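Residue numbers (the numbering used here): 181 to 623. Notes to accompany the following structure.
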């Protein structure tokens, strides 16, 4: 990678890996820092405290302009994570100064000296900008002169008096709802409209012909509010006579009251019966037979039916009899408030002295002799240098069978037997002597 001298917004790549298996390490950006040495000078911490993770163990530091202002720069990255080594990619670099040749080496098209801005060109630009600034200041200082400036629209709008002379107020306009037309001038071929008479267009096939037909309609046939019938209407008696004196033969419409009256008139009179006719006597005899079937000729059947279907004749108890065998609601025993006067003991329980319950709790502590503790109680008990038996066994198991890392460095880490966490973390010297130990027996 190329590193330009004294240039901002550049990056330096580093690589992190585990020394125990040489595998790249991801997710360690927060633990990685680095120093720079410019031209062999003292170590200076990189302003970008922690790099940005890329992938597969690669991370990138962002460099400031000052951090690249040297001919030779060395990077010294490190991780606070045990057994993790971080190296620069590369570890040191010679910088490239920003020259025209260096720029052309990175460009598809070469840039010539003639294409670059010269001091004379910059001076010309500066002069033009100054002139623009003077003009803009003049515009701001002399805004009142714009009213007399030329080149703008100079059309003068009409005055209020001129505008009023050619317009009128809303109230002065003609209102179709309330205003009256003073004079109506008829068109050629029409007569003046006066009152309810309307102009008629001349012509045999036009309105003249229509008027002729209308005029021929008899006025006596007109009905309505404008030409009501003025004759004497028939009386109610005359209407009734006209209806009831109508001949029967004139009613032939099916379903009308007239045809129904004709059908009633056609019923033979021989079918009618009276109180002394033979048909009435036969009907009465049939009814008597039905009555005998129900009651019997001697009344026995009726008595039997009365015994079976007569209303219940049992007399209900009197109020005094009902009260003698019942009591009021307040007289019944209340489980919530009433007390039992006497309790007869059925028997006495002398065994089961360890019985428990909220109503009759045993206040004597039961004999616990011979009751063995559970495995969980055993593991949770004990005091081994401030650790329970379970915690002491977890530390021992980790020390005997846990994974070990960092043996070549100053920090040794021993994982739990199930590899869930670091059980033992120790700081050691080159001989392996422990100067500080952190124990984690939880979980």
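We put the CB at the ideal spot given by N, CA and C, even for glycine. If you're wondering where the values come from, they're calculated on a predicted model, not measured in any experiment.
Per the coordinates, the alpha-carbon of residue 278 lies some 8 Å from the alpha-carbon of residue 186. The C-beta separation of residue 238 from residue 267 comes to about 11 Å, leaving the pair out of contact by the 8 Å criterion. The three-state reading of DSSP puts residue 214 in strand, counting E and B together. A residue is called buried once 16 or more other Cβ atoms fall within 10 Å of its Cβ, and residue 505, having fewer, is exposed. Assigned with DSSP and collapsed to three states, residue 273 falls in strand. The continuous stretches of beta strand (DSSP E) do not include residue 203, and DSSP gives it neither H nor E. In terms of Cα proximity to residue 220, the closest of 356, 253, 235 is 253.
Within a 10 Å sphere around the beta-carbon of residue 426 sit fewer than 16 other beta-carbons, which makes this residue exposed. Between residue 250 and residue 213 a beta carbon distance of about 20 Å is seen, past the 8 Å cut, so the two are scored as non-contacting. In this model, residue 556 and residue 569 are separated by some 10 Å (Cα to Cα). By the Cβ-count criterion, residue 603 is buried, with 16 or more other Cβ atoms from all chains shown falling within 10 Å of its own Cβ. In the three-state reduction of the DSSP assignment, residue 190 falls in the strand class, which pools E and B. DSSP places residue 579 within a helical segment (H, G or I) once states are collapsed to three.
The C-beta distance from residue 205 to residue 198 rounds to 6 Å, short enough to fall under 8 Å. In the assembly as shown, residue 592 is a buried residue. Its beta-carbon has 16 or more other beta-carbons within 10 Å. In the DSSP assignment, residue 258 falls within the unbroken beta strand (DSSP E) covering 252-259.
For residue 602, the enclosing beta strand (DSSP E) starts and ends at 602-608.
With a threshold of 16 other beta carbon atoms within 10 Å, residue 226 meets it and is buried.
As far as DSSP is concerned, residue 289 takes part in no beta bridge.
Taking 8 Å as the upper bound for CB-CB distance, residue 558 and residue 578 are not in contact here, some 20 Å apart. Cα atoms of residue 184 and residue 243: separation of roughly 11 Å, rounded to the nearest angstrom. In this chain, residue 429 is not harboured by any alpha helix (DSSP H), its DSSP state being neither H nor E.
By the 16-neighbour rule on beta-carbons within 10 angstroms, residue 619 is buried. Residue 614 and residue 274 have their C-alpha atoms some 43 Å from each other. Here DSSP, grouped into helix, strand and coil, assigns residue 591 to strand. At the C-beta level, residue 321 and residue 248 stay beyond 9 Å of one another. For residue 315, the enclosing alpha helix (DSSP H) has its first and last residue at 299-321. The DSSP-derived three-state label of residue 267 is strand.
When rounded, the separation of the alpha-carbon atoms in residue 608 and residue 587 is 9 Å. In the same chain as residue 233, and ignoring 5 residues on each side of it, the C-beta atoms closer than 6 Å to its own belong to 209, 239, in chain order.
Counting along the chain, residue 240 sits inside the beta strand (DSSP E) bounded by residues 238-243. Per DSSP, residue 434 is not a residue of any alpha helix (DSSP H), being assigned neither H nor E. Under the DSSP assignment, residue 247 falls outside any alpha helix (DSSP H); it carries neither an H nor an E label. Rounded to whole angstroms, residue 200 and residue 263 show a C-alpha spacing of 7 Å.
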